[in-house]
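See structure below.
There are 2 protein chains.
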Amino acid sequence: MSAVYAIENVTPKSHAPAARKFEVACSTCNLRELCLPKDLDPVDMARLEQIVYARRKVRRGEALFHAGDSFHSLYVIRSGFFKTTVLNPDGREQVTGFYMPGELLGMDGIGAGSYHGNAVALEDCEACVLPFALVEHLSREIPALQRHLHCVLSREIVRDHGVMMLLGSMRAEERLATFLLQLSRRFTNRGYSPSDFHLRMTREEIGSFLGLKLETVSRLFSRFHEDNLIEVNQKHVRILKIDGLEALLASKH
Amino acid sequence: MSAVYAIENVTPKSHAPAARKFEVACSTCNLRELCLPKDLDPVDMARLEQIVYARRKVRRGEALFHAGDSFHSLYVIRSGFFKTTVLNPDGREQVTGFYMPGELLGMDGIGAGSYHGNAVALEDCEACVLPFALVEHLSREIPALQRHLHCVLSREIVRDHGVMMLLGSMRAEERLATFLLQLSRRFTNRGYSPSDFHLRMTREEIGSFLGLKLETVSRLFSRFHEDNLIEVNQKHVRILKIDGLEALLASKH
DNA sequence: CGACCTTTTGAACGTATTCAACCGATGTGG
DNA sequence: CCACATCGGTTGAATACGTTCAAAAGGTCG
Chain A
1 MSAVYAIENV TPKSHAPAAR KFEVACSTCN LRELCLPKDL DPVDMARLEQ IVYARRKVRR
61 GEALFHAGDS FHSLYVIRSG FFKTTVLNPD GREQVTGFYM PGELLGMDGI GAGSYHGNAV
121 ALEDCEACVL PFALVEHLSR EIPALQRHLH CVLSREIVRD HGVMMLLGSM RAEERLATFL
181 LQLSRRFTNR GYSPSDFHLR MTREEIGSFL GLKLETVSRL FSRFHEDNLI EVNQKHVRIL
241 KIDGLEALLA SKH
Chain B
254 MSAVYAIENV TPKSHAPAAR KFEVACSTCN LRELCLPKDL DPVDMARLEQ IVYARRKVRR
314 GEALFHAGDS FHSLYVIRSG FFKTTVLNPD GREQVTGFYM PGELLGMDGI GAGSYHGNAV
374 ALEDCEACVL PFALVEHLSR EIPALQRHLH CVLSREIVRD HGVMMLLGSM RAEERLATFL
434 LQLSRRFTNR GYSPSDFHLR MTREEIGSFL GLKLETVSRL FSRFHEDNLI EVNQKHVRIL
494 KIDGLEALLA SKH
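Residue numbers (this note's numbering), protein chains in the order written: chain A, 1 to 253; chain B, 254 to 506.
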């Protein structure tokens, strides 16, 4: 496992092992339901905590990794929001997802040995570093971890298929409604208000994700506002009629 | 491993174990570079062949699995073409991919324990059945298999991101050009002509995949034909200027 | 051969984009 | 502290791209 030490360019001020170990204890992390297997016995839990090699702070606008960087680790978001993007040969950028605490980043790097896309912090963020060699090693010994890893990878594929559905066969207003409902659901899972939240991304980033131009996104927000479905004030959104948004999806072909 | 026997509803005329074992020998399958780990020693290869529990024939138009079917197996295509689709609550269908021999189907089922989408044969097909419990079991003991599985899952995610790029930020003609180039590349990898092939899917299915209507797809085929980039005759396509198609991607905005 | 499905093509239409102007919030330097 | 630049967001008007509706031709399969 000597690979571990070559794996990450950790920020200089990363904590010494002793201090770190306490700080990152997964067993007491309030995100553990999101990123760890359930029903783990204490022994396995202790082994699993060894996976978390370090944490990385990433400032707003900076990247956790870039496309092409050589792949060594997965990351679990501890705090903050990320966007992931891919870049066309001709320079166009496509946002492939928005990720929040407890979610896993970097799975696109396993196959080719280098990350396929970029992961950029939308605000100051912190992420747990999971050296993938360790993850693979331990998941051979802890079936629950193996299973969990496979599930997370599979769920990412399912998520992607949902995005394809959105991009391939929904109208603009359906896309934005879906987006808002999805955000609401994920905030709810994390104990935040389902109806009242702060968008970390710009209109342009939302547009890129949804396959729309920023002006279209802005107009849709205004329209939803006029229809009393939501209140919008810059980045703050309050959902007034969640069933009104859902109705947009069911209706008109 | 008693689970194995409950796993698949194999077609009645599936072969007896003895005959089957010879027939499906992975070590002599000409698709092995596509679906197996490289550099496997003979012992591991022999163990790995035990994974292939059976083969399933699927007739054109029939499904290898449906969305919601409980998940037990991955499938490797031995012959024929499949499309995968997801269905909206309101009934719209989105084609999420086209799959050809050597490619893996069913990865969307791992996370939830049931398949998320449908896999439908575009012609008479045959697929190898890989009971996932066996795959997980063996991949704990054969690191090369474990690695291979992770790579395949990751590559599927990368593929999906490519489709998002296509759907989210390309114009119609770029989408179709990308689609044709992609098909060409995959045929080449399988030893077929890069420029001369038979589309197994309808214009409507292509359209669904590319986020376009079938009429638009048809018009684009005609336009590419007029521009002497391709020849089209119903389902038969011949690419005349591969760099002409590539140029469509680099150009205008 | 006849029924049905797929494909092609045309014309009118509509949705989202483009281009442009303006506003408000935020941040910087004189 | 205010002037100014910058960035993100909103809104309007013209445009363009892809869709819709429709008709007809070509293939395929019983």
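We put the CB at the ideal spot given by N, CA and C, even for glycine.
When only Cα atoms are considered, residue 329 of chain B and residue 140 of chain A end up about 23 Å apart.
Proximity of residue 92 of chain A to chain B, defined by a Cβ-Cβ separation below 7 Å, is satisfied.
For residue 425 of chain B, the CB contacts under 8 Å within the same chain, skipping 5 residues up- and downstream, are 463, 465, 469, 473 in chain order.
Contact between the region 192–201 of chain A and the region 224–240 of chain A is present: three or more C-beta pairs spanning the two stretches fall below 8 Å.
At a cut-off of 7 Å between C-beta atoms, residue 35 of chain A does not count as an interface residue with respect to chain B. Using a CB distance below 8 Å, the part of the region 99–126 of chain A facing chain B consists of 107, 108, 109, 110, 111, 112, 116, 117, ordered along the chain. Residue-level contact check: residue 470 of chain B does not touch chain A, since none of the beta carbons of chain A fall below 7 Å from its beta carbon. Look at residue 228 of chain A here: in three-state DSSP terms it is coil, with no helix or strand label. Taking every protein chain shown into account, the CB of residue 42 of chain A has fewer than 16 other CB atoms within 10 angstroms, so this residue is exposed. As for any beta strand (DSSP E) of minimum length 3 sitting wholly inside the region 37–66 of chain A, the runs are 54–58, 63–65, ordered along the chain. The three-state secondary structure of residue 384 of chain B, taken from DSSP, is strand. Below the 9 Å Cβ cutoff, chain B contributes 342, 343 as neighbours of residue 250 of chain A, in chain order. Those residues of the region 170–181 of chain A placed with their C-beta closer than 9 Å to a C-beta in chain B are 170, ordered along the chain. About 5 Å separates the Cβ atoms of residue 383 of chain B and residue 304 of chain B, confirming a contact at the 8 Å cut-off. Nearest CB-CB separation between residue 160 of chain A and chain B: below the 7 Å threshold.
Where residue 431 of chain B is concerned, there is no enclosing beta strand (DSSP E), although the alpha helix (DSSP H) around it starts and stops at 425–442.
In this chain, the alpha helix (DSSP H) harbouring residue 208 of chain A covers 203–210. Where residue 97 of chain A is concerned, the enclosing beta strand (DSSP E) starts and stops at 93–99. Membership of residue 145 of chain A in the alpha helix (DSSP H) is indicated by the continuous run 143–169.
Straight-line spacing of the CA atoms in residue 58 of chain A and residue 124 of chain A works out to 6 Å.
In this structure residue 196 of chain A is exposed. Its beta-carbon is surrounded by fewer than 16 other beta-carbon atoms within 10 angstroms. Taking 7 Å as the CB threshold, residue 150 of chain A lines the interface with chain B. In terms of beta-carbon proximity, residue 327 of chain B stays away from the interface with chain A, with every pair separated by 7 Å or more. About 5 Å separates the beta carbons of residue 366 of chain B and residue 324 of chain B, which is inside the 8 Å limit, making them a contact pair. Nearest C-alpha to residue 160 of chain A among B/339, B/438, B/327, B/352: B/339. The DSSP-derived three-state label of residue 491 of chain B is strand. The beta carbon of residue 227 of chain A is closer than 8 Å to those of 244 in its chain, skipping five residues each way along the sequence. For residue 453 of chain B, the secondary structure class from DSSP, reduced to helix, strand or coil, is coil. Looking from the CA of residue 320 of chain B, the closest CA among B/501, B/415, B/368 belongs to B/368.
One Cα belongs to residue 205 of chain A, the other to residue 214 of chain A, and the distance between them is close to 8 Å. Membership of residue 287 of chain B in the alpha helix (DSSP H) is indicated by the continuous run 285–288. At a beta-carbon threshold of 7 Å, the residues of chain B lying near residue 156 of chain A are 410, ordered along the chain.
The bridge partners DSSP lists for residue 336 of chain B are B/351, B/373. Taking C-alpha positions only, residue 56 of chain A is separated from residue 98 of chain A by approximately 18 Å.
Between residue 418 of chain B and chain A, the shortest Cβ-Cβ separation is below 7 Å. Taking C-beta separations shorter than 6 Å and ignoring five residues to either side along the sequence, the partners of residue 287 of chain B in its chain run 355, following chain order.
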